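Single-structure report; data block below.
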Amino acid sequence: MRTRHFSQFPKPYFAYPKVIQGLILKNKRLEQQLPEVEYVVDAFHVDAKHLRSYNQLCGFANNGYVPAIYFAVLSQSLQMQMMTQEAFPFAILGLVHIHNQVTQYKPLAANLQYRLSCRFGEMKPHHKGQQFEFITEVYVGNDVVMQGVSTYLARQKTNNARVEEKPTEKANLEWMLHDRWSISESTGRRYALISGDVNPIHLHALTAKAFGFKQAIAHGMWTKAKALAALSLPEKYQADVSFKLPVFLPSEVELMTHQQSKTINQFLIRNAKSHKPHVVGEILSL
6 MRTRHFSQFP
16 KPYFAYPKVI
26 QGLILKNKRL
36 EQQLPEVEYV
46 VDAFHVDAKH
56 LRSYNQLCGF
66 ANNGYVPAIY
76 FAVLSQSLQM
86 QMMTQEAFPF
96 AILGLVHIHN
106 QVTQYKPLAA
116 NLQYRLSCRF
126 GEMKPHHKGQ
136 QFEFITEVYV
146 GNDVVMQGVS
156 TYLARQKTNN
166 ARVEEKPTEK
176 ANLEWMLHDR
186 WSISESTGRR
196 YALISGDVNP
206 IHLHALTAKA
216 FGFKQAIAHG
226 MWTKAKALAA
236 LSLPEKYQAD
246 VSFKLPVFLP
256 SEVELMTHQQ
266 SKTINQFLIR
276 NAKSHKPHVV
286 GEILSL
């Protein structure tokens, strides 16, 4: 595997000209295979001002620690570089984030020096095309303190209808209302400024309509972070979510919870009126 080293995180928006170029000059890639590369930011400290802005928007406390999901957001700038600088087999615009897992192995102090690596994981058939992974690992010294796995779907014509069945929605669980949110129309733009994810579907109704959405939709990683910030997280945990229906902006949603056991807490973000699911998640205490 080839490794590319960075002294700092690249700015995500530098990759967007190549994203747009990919829409105009469509390369026909005959071989669908992920590049065997690893991108590494060798040493960095968390930017305190940026972290405060992120915590304020998502609802985390500014308590001297870093939410594990924050590192997953930082990793997205490397992911954009990997998709635009390498022989990436799919069109970037149109990718759908379908699953995300974040694991925190110890409390993550904001004043430590970290190293972050990102690489491609597994690619496999999906009933709507192909799905693939980005794997993020964060180190303090030689110890892995956080791991993230982001799974994306590249929609394609396929005969893989039975490769993967649609997951159940856990409809039989006894959900309890934990919180209710009124999500403003500006949420996508505010999160885009912090995360660097300026995909047009999140910014405004007009730009979202150009890509087939009736309104702008919230970032999935903001929605997950909002839920994690509202729940009690143990010092060591794994948080898995599957992204279902988009959260249109503005929107009223409910955060529902179900305590399955002492170590497993289920949660659901659903539309406040229709009760249709946006995010189905699980927090496992390690």
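Adding 5 to a residue's 1-based position in the sequence shown gives its number in this note's numbering. Yeah, the Cβ is synthetic: ideal placement off N, Cα and C, and Gly gets one too. Here the structure is a predicted model, which is why all the values come from computation and not from measurement.
Can you name the start and end residues of the alpha helix (DSSP H) that residue i belongs to?
i    : result
N60  : 53–63
S200 : 192–200
K229 : 225–235
T212 : 210–214
Out of curiosity, what's the CA-to-CA distance linking residue i and residue j?
i    : j    : result
L39  : V149 : 24 Å
E127 : Q136 : 8 Å
T8   : E91  : 12 Å
D245 : A215 : 31 Å
Y44  : Q81  : 11 Å
F93  : F272 : 34 Å
V145 : P72  : 15 Å
N276 : M6   : 44 Å
H102 : N270 : 22 Å
T262 : L62  : 22 Å
Is residue i helix, strand or coil when you go by DSSP?
i    : result
S82  : helix
G153 : strand
M88  : helix
K16  : coil
P172 : At P172, the pLDDT of 46 sits below 50, so the modelled position is not reliable; the number obtained from the coordinates is stated separately. Looking at P172 - three-state DSSP - the assignment turns out to be coil, as it is neither helix nor strand.
I74  : helix
I97  : coil
P130 : strand
I29  : Note that I29 scores 46 on pLDDT, short of 50, meaning its location in the model is unreliable; the coordinates nonetheless yield the value given after this. Looking at I29 - three-state DSSP - the assignment turns out to be helix.
Kindly list the residues whose CB is nearer than 6 Å to the CB of residue i, restricted to its own chain and excluding five residues on each side of it in sequence; keep chain order.
i    : result
Q152 : T108, E142
Q13  : none
P239 : S290
I140 : R124, G126, V154
P15  : S82, Q86
Whose C-beta lies closer than 8 Å to the C-beta of residue i among residues of the same chain, with five residues either side of it excluded?
i    : result
K278 : E257
K219 : A210, A213, F253
H55  : I199
L208 : G193, R194, A197, A221
Can you list, in chain order, the residues of its chain with a C-beta nearer than 7 Å to that of residue i? Leave out the 5 residues immediately preceding and following it.
i    : result
K249 : P282, H283, V284, V285
L291 : K241, Y242, Q243
Would you give the residue range spanned by the beta strand (DSSP E) that residue i belongs to?
i    : result
G286 : 282–290
W186 : 181–188
T163 : T163 -> no beta strand (DSSP E), and no H or E assigned at all.
T8   : 7–11
Y144 : 134–145
L254 : Counting along the chain, L254 falls outside any beta strand (DSSP E), and DSSP gives it neither H nor E.
N276 : 269–276
V203 : From DSSP, V203 is part of no beta strand (DSSP E); its letter is neither H nor E.
F49  : 42–50
Q265 : Q265 -> no beta strand (DSSP E), and no H or E assigned at all.
R244 : Looking at the sequence itself, residue 244 is Ala, so the reference to Arg does not match. Start and end: 242–248.
Do you know whose CA, among the options, lies nearest residue i's CA?
i    : options                : result
Y196 : N177, K229, P130       : K229
D47  : F11, S58, V101, S266   : F11
K129 : P255, L260, T163       : T163
L178 : A66, Q86, E287         : E287
I222 : L182, C123, T192, S155 : T192
V78  : H224, T268, A232, F272 : H224
A235 : W186, A53, R194, L121  : W186
G64  : L260, F95, K231        : K231
I206 : V71, G99, A73          : G99
S189 : G201, K16, D202, W227  : W227
K267 : N276, M261, S237       : S237
V203 : M85, I74, S58          : M85
F76  : H280, V51, R160        : V51
With a threshold of 8 Å, establish whether the CB of residue i neighbours any heavy atom of the ligand GTP.
i    : result
L182 : Only the bare structure without any ligand can be found here, which leaves the ligand GTP out of the picture.
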